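Peer 1: This structure is in C-alpha cells; I'll ask about it shortly.
Protein chains: 2
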Amino acid sequence: MPITLREVAERAGVSRSAVSRTFTEGASVSPKTRQKVEAAASELGYRPNALASSLTTGRTKLIGLISNNFHNPLFLEVFDLFTRSLQDRGLRPLLVNLSDDDDPESSLQMLRQYSVDGVIVASSTLPPEFSKAFRQAHIPVVHSFGRFASAPDVDVVGIDNIECGRMAARTLLARGYKKIGFLGGPREATSTIDRRAGFLQVMSRRQGITLTESFAEAYSFAAGKAEMARLLDAGDMAEAYFCGDDVLSIGALAALHRAGRTVPGDVGLIGLNDMQMAGWDTIDLTTIRQPIDEIIRSSIELVVAMLEDPSRAPEARLFSCEIVERGTLRPLP
Amino acid sequence: MPITLREVAERAGVSRSAVSRTFTEGASVSPKTRQKVEAAASELGYRPNALASSLTTGRTKLIGLISNNFHNPLFLEVFDLFTRSLQDRGLRPLLVNLSDDDDPESSLQMLRQYSVDGVIVASSTLPPEFSKAFRQAHIPVVHSFGRFASAPDVDVVGIDNIECGRMAARTLLARGYKKIGFLGGPREATSTIDRRAGFLQVMSRRQGITLTESFAEAYSFAAGKAEMARLLDAGDMAEAYFCGDDVLSIGALAALHRAGRTVPGDVGLIGLNDMQMAGWDTIDLTTIRQPIDEIIRSSIELVVAMLEDPSRAPEARLFSCEIVERGTLRPLP
DNA sequence: ACCCACAATGCAACCGGTTGCAAAACTGCG
DNA sequence: CGCAGTTTTGCAACCGGTTGCATTGTGGGT
Numbered sequence: 030m031p032i033t034l035r036e037v038a039e040r041a042g043v044s045r046s047a048v049s050r051t052f053t054e055g056a057s058v059s060p061k062t063r064q065k066v067e068a069a070a071s072e073l074g075y076r077p078n079a080l081a082s083s084l085t086t087g088r089t090k091l092i093g094l095i096s097n098n099f100h101n102p103l104f105l106e107v108f109d110l111f112t113r114s115l116q117d118r119g120l121r122p123l124l125v126n127l128s129d130d131d132d133p134e135s136s137l138q139m140l141r142q143y144s145v146d147g148v149i150v151a152s153s154t155l156p157p158e159f160s161k162a163f164r165q166a167h168i169p170v171v172h173s174f175g176r177f178a179s180a181p182d183v184d185v186v187g188i189d190n191i192e193c194g195r196m197a198a199r200t201l202l203a204r205g206y207k208k209i210g211f212l213g214g215p216r217e218a219t220s221t222i223d224r225r226a227g228f229l230q231v232m233s234r235r236q237g238i239t240l241t242e243s244f245a246e247a248y249s250f251a252a253g254k255a256e257m258a259r260l261l262d263a264g265d266m267a268e269a270y271f272c273g274d275d276v277l278s279i280g281a282l283a284a285l286h287r288a289g290r291t292v293p294g295d296v297g298l299i300g301l302n303d304m305q306m307a308g309w310d311t312i313d314l315t316t317i318r319q320p321i322d323e324i325i326r327s328s329i330e331l332v333v334a335m336l337e338d339p340s341r342a343p344e345a346r347l348f349s350c351e352i353v354e355r356g357t358l359r360p361l362p
Numbered sequence: 030m031p032i033t034l035r036e037v038a039e040r041a042g043v044s045r046s047a048v049s050r051t052f053t054e055g056a057s058v059s060p061k062t063r064q065k066v067e068a069a070a071s072e073l074g075y076r077p078n079a080l081a082s083s084l085t086t087g088r089t090k091l092i093g094l095i096s097n098n099f100h101n102p103l104f105l106e107v108f109d110l111f112t113r114s115l116q117d118r119g120l121r122p123l124l125v126n127l128s129d130d131d132d133p134e135s136s137l138q139m140l141r142q143y144s145v146d147g148v149i150v151a152s153s154t155l156p157p158e159f160s161k162a163f164r165q166a167h168i169p170v171v172h173s174f175g176r177f178a179s180a181p182d183v184d185v186v187g188i189d190n191i192e193c194g195r196m197a198a199r200t201l202l203a204r205g206y207k208k209i210g211f212l213g214g215p216r217e218a219t220s221t222i223d224r225r226a227g228f229l230q231v232m233s234r235r236q237g238i239t240l241t242e243s244f245a246e247a248y249s250f251a252a253g254k255a256e257m258a259r260l261l262d263a264g265d266m267a268e269a270y271f272c273g274d275d276v277l278s279i280g281a282l283a284a285l286h287r288a289g290r291t292v293p294g295d296v297g298l299i300g301l302n303d304m305q306m307a308g309w310d311t312i313d314l315t316t317i318r319q320p321i322d323e324i325i326r327s328s329i330e331l332v333v334a335m336l337e338d339p340s341r342a343p344e345a346r347l348f349s350c351e352i353v354e355r356g357t358l359r360p361l362p
C-alpha cells in the first residue's frame, strides 16, 4: 500500500534511478531534478523502504540488542540509554531477551535472518559460543558490561572489576572495619571472580583483618536477602559487607532490617553500580558508581567503528569507577 | 557473505523455486526434492533472509514496541514479558524509545520505513496523532496500558482505572480512615483522571469524610517524594493517601520517613501496580495489583488477530485488579 | 565555434527471495 | 497401454530499491 519509488518517478517524470539518487547521500543529481523529485515525493508522502534498500546495500541499520538481565532495575536505565543513543545515530535496536532457558543458538539464527548490522550484548555473561558464531558470520559484536581481556575476541566495554574490588576494600579499611565480609554475586560470574580478586588482594596486605566470604545465587533482591538471612542465622556476622551489586545490597539491607539490625550501626554495607534506587532516601546506599552512560556511549562507538571498518581488531575499553558515599557505612574515624 | 537461495539450489541440483518452496509452509514439494534441498541447505548452513522474503510477502514479523516509560521499574517487567511473548510467537520487537523530547512523527516514519507488521504502544499516554497516523498507514496498533473507550479507534488493553479508584476508596474507608488524601499522578494523565473519578465517586457517598487532593508531576520516585514533602510542609496531612502508582508511593514513603513519620502508624499509604519492589520488605506496600502478564498476553493476541484480519474492528479489553494487602495501611478495625 | 572534461541521466542488471502459470512428471484406472 | 487428473517443477516476472556503465547534456577554455 505505501508509495514506491516507481510511483514517485512517474509523477516527477524522471527515471527510477533519479529518484533513488535524490534519496542517496552523495549521489549526483542536478538541483532541477532533485527539486522535481522532492516535490513529487512529498505530495505522495513517499518514504524509501529501508528493508528493500538493505538488500542491495547490505546495510540494515538494525542492531541486535541482546540481554538476559530483565530483572535488574539497572538495566532499565541501560535500555533507555541504548535505545536513545542508537536512535540518535539512525540505528534501530532489535531487542532480544535471552532468558536463560531458551537456546542462544536460535536467537543467533534469528539475528542472522534479519541481517542485523551488528550486535550489542548487554550482559555480564556472554556465552562464549556467541562471540565465536557472530565472528564467523562476520557480524560485529560488542560486549557491554563484559570482562576485560588484553586480546579479546570481540569488542568489550566495561569496568575494571578488579580495581572495583580494591576500591571497596580500601574504603572499608579506611572506615576501620576489622571483620569484613565479601558477599558476592553468583560464584561463577566473571564479575564476581574479579571483584573478589581485587578485594582479597588489598585485604591480604593488611594485618589483623578477619575475612569471610559468601555468594548469592543471582544478582537479585531475593538472592541478596536470602544470603544475608543465611549469614544472620549462622551467627558470626562481619562488621561490614561488600556486596556484589546494588540490588543484592538492597536485598541484604532488607534481611538486616527484618532481623532488627541497623545499618550502618550494626552492619556496614557497600554496593556496586549506583543505580538510581541506591540514591533513594529509604535505601541511601554507599556504593561504587559504574559509569553506564559512558559504557553505553562507548559500546555504540565501537559497533559503529566496526561497521565502518570490519577488519578492525577487537578492542577492550575499561572505565574507572568512583565511590559514592551515602549512608550505609560508618563515618571515617 | 551468507549463503543464498541460489547456492543451495545449485548444490541440490534443483531450481531456486524448489528451494524457496521447501522453506515455505504449505508449498507443494515432493519428499525427494525436499530432502535434497534440506541436505544441501544444512551442509551450507543456509538460512533464508527474512528481509528479502518480506519484500514479496509483505510480512516482516517485525513489531514496533514503543514506550516512553523508561524510568518506571514496572516497565522492565513489561519489556521482559513483551519480548519473551513476541519471541515465542516468532515476532521480533523493534524497540522505540519515545522520549518526550523527540518527535513522535519521526519514530512513526521510521517504523513505516522498516515496514513493521504492527505496533504496540506501551504507555499510559498515547499521542492521539499516533493512532490516526498508523491507521492511515494501515498498520495495526495496540495500545497497552491505555484508557478504555467503548468505541476505540485502536485496540486498547488495560485496566479499569475508575474501578481501581473505587477499590482504593473502599479499602481506605474499611480501615476507618476519615481524613483521606488523593495523591495522583500528573493531572492531565487519563489514568489519573479516571482513578480520581472512581475514588471520588465512592467517597462522595459517605458522610464525615474529609478529602484532599494533590498531584505529582510525574509517575516517578522523585515526583512522589517532592509532592509528599510539600504536603508535609503545608501541614494539614491526611491519615491515609491513595497514590497514583507504586513508584510514586515509594517516593512518598521516602519523604515520610525523612520527616520522621511512621507508616502505617502516622500515615497510611496505598499504591497501584504491584510492581516487584512493592513486595520488598523495606517497602512492603499495600497496593492494587495490575495483571501485567494478562495485559501483555492480550495485547499480543490482539496484534496477531489484527495481522490475520486487518479489517477487524478495534476492541478494548479491560482487566480487573485486586488488592494486595501488605503493611502500609492500618489493620481492619 | 570547437573540443574536452565532467556532471547528470537512464538503462538494465542485480540484491534474495516469492509466486502465477504452463509444462512435465507422476497417479490411478479402464 | 492410453488417458485424465493431480502433483511437482521450472521459468520468468516481480517485490522496492541500488548501481555500473554508456549516453547525453553542460559549461569552460581558447
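Protein sequences appear in the order of chains U and A. All you need for this note's numbering is the position in the first sequence, starting with 1, plus 29. All you need for this note's numbering is the position in the second sequence, starting with 1, plus 29. Built from N, CA and C at the ideal position, the CB exists for glycine as well. Bear in mind that the values here come from a model prediction, so they are computed numbers and not experimental data.
#1: Mind the definition here: the stretch 210-222 of chain U touches the stretch 32-50 of chain A only if three or more C-beta pairs lie below 8 Å; say whether that holds.
#2: Please return the same chain residues whose Cβ sits closer than 7 Å to the Cβ of E323(U), not counting the five positions on each side in sequence.
#3: Would T311(A) pass as a contact of I299(A) if the rule is Cβ separation under 9 Å?
#4: Can you grab the Cα-Cα spacing for the pair L240(A) / I209(A), in whole Å?
#5: Between the Cα of S249(A) and those of E268(A), D275(A), E192(A) and D265(A), spot the shortest distance and give me the residue it belongs to.
#6: To which residues of the same chain is A178(A) closer than 7 Å at the C-beta, ignoring the five residues directly before and after it?
#7: Could you name the residues that DSSP lists as bridge partners for T239(U)?
#8: Identify every run of the alpha helix (DSSP H) within the stretch 260-295 of chain A, keeping only runs that are complete inside it and at least 4 residues long; order them along the chain.
#9: Quick one, which residues of the stretch 152-163 of chain U are near chain A if we go by CB-CB under 9 Å, in chain order?
#10: Is R346(U) helix, strand or coil by DSSP?
#11: Return the residue from the list S49(A), Q116(A) and E39(A) that minimises the CA-CA distance to R326(A).
#12: Quick check: what's the CA-CA separation for E330(U) versus I92(U)?
#13: Would you give the residue range spanned by the beta strand (DSSP E) that R121(U) belongs to?
#14: Since L371(U) is in the alpha helix (DSSP H), which residue starts that stretch and which ends it?
#15: Taking 8 Å as the threshold, find out whether the stretch 107-125 of chain A comes into contact with the stretch 64-74 of chain A through three or more Cβ pairs.
#16: Could you name the residues of the stretch 106-120 of chain A whose beta carbon sits closer than 7 Å to any beta carbon of chain U, in the order they occur along the chain?
#17: Just the C-alpha distance for A258(A) and P122(A), rounded to the nearest angstrom, thanks.
#18: For E354(U), does the count of other Cβ atoms within 10 angstroms reach 16, so buried, or fall short, so exposed?
#19: Going along the chain, which residues of its own chain have a beta-carbon closer than 7 Å to the beta-carbon of L260(A), five neighbours each way excluded?
#20: Would you mind reading off the limits of the beta strand (DSSP E) that contains R35(U)?
#21: Where are the beta strand (DSSP E) runs, 3 residues long or more, that stay fully inside the stretch 53-124 of chain A, in chain order?
#22: With which residues is T51(U) paired in a DSSP beta bridge?
#23: Which whole runs of the beta strand (DSSP E) in the stretch 142-166 of chain U are 3 residues long or more, in chain order?
#24: Run through chain U and tell me which residues come within less than 7 Å of Q138(A), C-beta to C-beta.
#25: Please report the distance separating the alpha-carbon of R88(A) from that of F159(U).
#26: Count the other CB atoms within 10 Å of the CB of A245(A); is the residue buried (16 or more) or exposed (fewer)?
#27: By the criterion of Cβ-Cβ separation under 9 Å, what are the contact partners of L123(A) in chain U?
#28: In chain A, which residues lie less than 8 Å from D310(U) when you measure between Cβ atoms?
#29: Out of A342(A), H100(A) and F108(A), point me to the one whose CA is closest to Q305(U)'s CA.
#30: What is the residue span of the alpha helix (DSSP H) that G194(A) lies within?
#31: Find the residues of chain A that neighbour A81(U), judging by a C-beta separation of less than 8 Å, and give them in chain order.
#32: Assign E330(U) to one of three DSSP states: helix, strand, or coil.
#33: For T221(A), does the three-state DSSP call read helix, strand or coil?
#34: What residue range is occupied by the uninterrupted beta strand (DSSP E) comprising I317(A)?
#35: Using three-state DSSP, classify G308(U) as helix, strand or coil.
#36: Who are the near neighbours of D146(U) in its chain, counting only those whose CB is closer than 7 Å to its CB and skipping five residues on each side?
Peer 2: Reading it off the structure:
#1: no
#2: F348
#3: no
#4: Their Cα atoms are separated by approximately 5 Å.
#5: Per the C-alpha coordinates, the member of E268(A), D275(A), E192(A) and D265(A) positioned closest to S249(A) is D275(A).
#6: Within the same chain, A178(A) has close Cβ partners V185 and A345.
#7: K208(U)
#8: 275-287
#9: none
#10: strand
#11: Q116(A)
#12: If you draw a straight line from the Cα of E330(U) to the Cα of I92(U), it is about 13 Å long.
#13: First-last of the beta strand (DSSP E) with R121(U): R121 to N126.
#14: Look at the range of chain U in this structure, 30 to 362, and you will see that residue 371(U) is not part of it.
#15: No, they do not touch.
#16: F108, D109, T112, R113 and Q116
#17: 40 Å
#18: Around the CB of E354(U), fewer than 16 other CB atoms lie within 10 Å, so the residue is classed as exposed.
#19: S243 and M266
#20: According to the DSSP assignment, R35(U) belongs to no beta strand (DSSP E) but to the alpha helix (DSSP H) extending over L34 to A41.
#21: 91-96
#22: Note: T51(U) sits in no beta bridge, so no partner.
#23: 147-151
#24: R76
#25: 28 Å
#26: Taking all protein chains shown into account, A245(A) has 16 or more neighbouring C-beta atoms within 10 Å of its C-beta and is therefore buried.
#27: L91, R121, P122, L123 and L124
#28: K254, A283, A284, H286 and R287
#29: The candidate whose alpha carbon is nearest that of Q305(U) is H100(A).
#30: N190 to A203 is the extent of the alpha helix (DSSP H) around G194(A).
#31: L84
#32: helix
#33: Under the three-state reduction of DSSP, T221(A) is assigned to helix.
#34: T316 to R318
#35: helix
#36: Around D146(U): R88, T89, K90, L91, I92 and L336.
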